[in-house]
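> Okay, handing you the structure first.
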Amino acid sequence: MGAEFTGQIPDLYCLLQVPKGASYEELKQSYQRLVLKYHPDKIDRHQSPEDQAAAQDMFVAVDKAWKTLGDPTLRKEYDARLNEKTVSQEFPVDEEITLADMDYDEDEGVYSYPCRCGDDYSVCEDEVGDGRDMVICCSTCSLTVRVQCVSSMNEQDDTHHQEESR
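In UniProt numbering, the protein residues as written are 1 to 166.
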């Protein structure tokens, strides 16, 4: 049984909220945490039907990600395809950052990060909502950064929840 990847390759590491070099145990722990969070039996029945459907979709996606990354052979195939995608990208990435590295302007709903040219990379909050990594171009020069969204969004959520509980 081989992994089939067509078109755009989803970032399964982001989906499971782990770094690419995560150990089997890290993958398993994250998978178990996410499966509990999005399991159909655990969904709040007071949520809108759309939110319930989104949680169920996430449950299925997390399960598929685990089936790929939890199997050493499938993970190796997936990593090869992911590396191939990175090498063949349309433009070079000059730096990799996390969403937590970026400054957030609450009034504007914009994340920004300084570029070495003196301007900024910026992205609207709505664009990072799906949790996928993204490549952002500087608004002035040709430099780009890859922003890792998922794990840093969770860190910010954890910080936000900690602040609320004080």
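Glycine is no exception: its CB is placed at the ideal position from the N, C-alpha and C atoms.
1. Contact defined as beta carbons within less than 8 Å: I believe residue 99 pairs with residue 62. What is the distance between those atoms, to the nearest angstrom?
2. Would you report the Cα separation of residue 2 and residue 105, rounded to the nearest angstrom?
3. Using a threshold of 8 Å, state whether the C-beta atoms of residue 26 and residue 35 are closer than that.
4. When you compare each of 149, 46 and 117 to residue 97 by their alpha carbons, which one comes out closest?
5. Assuming residue 20 contacts residue 70 under a Cβ cut-off of 8 Å, what Cβ separation, rounded to an integer in Å, is found between them?
6. Whole angstroms is fine: what's the gap from residue 10's alpha carbon to residue 84's?
7. Curious, which full-length beta strand (DSSP E) runs of at least 3 residues does the segment 72–113 contain?
8. DSSP three-state label for residue 133, please.
9. Look up residue 62 in the DSSP assignment and say whether it is helix, strand or coil.
10. DSSP has residue 144 in a bridge; who is on the other side?
11. For the alpha helix (DSSP H) that residue 35 lies in, which residues bound it at each end?
12. Could you say if the segment 135–149 and the segment 113–126 meet the contact criterion of at least three C-beta pairs nearer than 8 Å?
13. Determine the extent of the beta strand (DSSP E) in which residue 124 is found, giving its start and end residues.
14. If we count the other Cβ atoms within 10 Å of its Cβ and call it buried at 16 or more, is residue 68 buried or exposed?
15. Assuming residue 59 and residue 39 make a contact with CB atoms under 8 Å, what is their CB distance in whole Å?
16. I need the boundaries of the alpha helix (DSSP H) containing residue 14, first residue and last residue.
On the basis of the coordinates in this document:
1. That belief does not hold up - the Cβ atoms of residue 99 and residue 62 are roughly 20 Å apart, past 8 Å.
2. Confidence at residue 2 is low in this model, with a pLDDT of 39, below 50, so its placement is unreliable and no value can be given for it.
3. no
4. 149
5. The Cβ separation is near 15 Å, so there is no contact.
6. 13 Å
7. 95–98 and 103–105
8. coil
9. helix
10. 137
11. 24–38
12. yes
13. 120–124
14. buried
15. 6 Å
16. 12–15
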